[in-house]
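To keep things clear, I will list the structure first and then write my remarks on it.
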Amino acid sequence: LAKTTQPISMDSYEGQEVNITCSHNNIATNDYITWYQQFPSQGPRFIIQGYKTKVTNEVASLFIPADRKSSTLSLPRVSLSDTAVYYCLVGDQNTDKLIFGTGTRLQVFP
Amino acid sequence: DAGITQSPRHKVTETGTPVTLRCHQTENHRYMYWYRQDPGHGLRLIHYSYGVKDTDKGEVSDGYSVSRSKTEDFLLTLESATSSQTSVYFCAISESAREQYFGPGTRLTVT
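Listed below in structure tokens is the structure:
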């Protein structure tokens, strides 16, 4: 399983766009990139997943460059309720387990 | 939310006693997982199951055992609880390991 590296913490203000970058230099050909969000006292929640280029859903966008050695989760116009820990994971379609790191703690200020 | 429940939600127990945590799903998902979460460590995989009676170890399996006799239930047992096992325990389910759904968590305190 590829190891991921992400910033420990980030601060932002309401209404700003937040970009969290994850490094995964040893990503394998069949690996997908997945992001989870975790609020205090809750289990993580799936946000978005991608393999290459760009993926967008109602919550976020995921940008993956051609070499796939990194990825960026983009949260548009964050609000206070986006304050959470965000985890980046990589694994292939046949992976039966995921390894969570310590994640990035995002704090959104008014 | 995915149909996944954990019981108990909170438990305080003494060192050396056995403890069993239960995860129950109504989604008929193939995979089930037990994680623990501690400050500074994020989520760590304890054990997981890829089918009835099929289980495997995760990163931090020492001191824990699991059983899955039915698709819907995945039990985590601490044979002899220690203070180092004080943690929040999360169960997760999935059809594909890449997208997991997590339960509400069980806060276990071992005194």
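Those protein sequences? They're chains A and B, same order as listed. If you number the first sequence the way this note's numbering does, the last residue is 666 and the count never jumps. If you number the second sequence the way this note's numbering does, the last residue is 113 and the count never jumps. All C-beta atoms in this analysis are idealised placements derived from N, C-alpha and C, irrespective of residue type, glycine included. Note that this is a predicted model, so its numbers are computed, not measured.
- Per DSSP, reduced to three states, the secondary structure at A/Q598 is coil, with no helix or strand assignment.
- For A/L636, the secondary structure class from DSSP, reduced to helix, strand or coil, is helix.
- Three or more Cβ pairs drawn from the region 565–583 of chain A and the region 630–647 of chain A lie within less than 8 Å of each other, which places the two stretches in contact.
- Using a Cβ distance threshold of 8 Å, B/S71 and B/K55 count as a contacting pair.
- Taking the Cβ atoms as the reference, A/M566 lies roughly 12 Å from A/T628, outside the contact range of under 8 Å.
- Contact between B/F104 and A/G599 holds: CB atoms are separated by about 3 Å, below the 8 Å threshold.
- Taking C-beta atoms under 8 Å as the contact rule, A/V611 and A/L636 fail to qualify, at a distance of about 25 Å.
- Between B/T108 and B/T17, the gap from beta carbon to beta carbon reaches 8 Å or more.
- If you check the CB distance, B/S63 and B/H49 come in under 8 Å.
- Scanning A/E573, A/I655 and A/L662 for the CA closest to the CA of A/I589 turns up A/I655.
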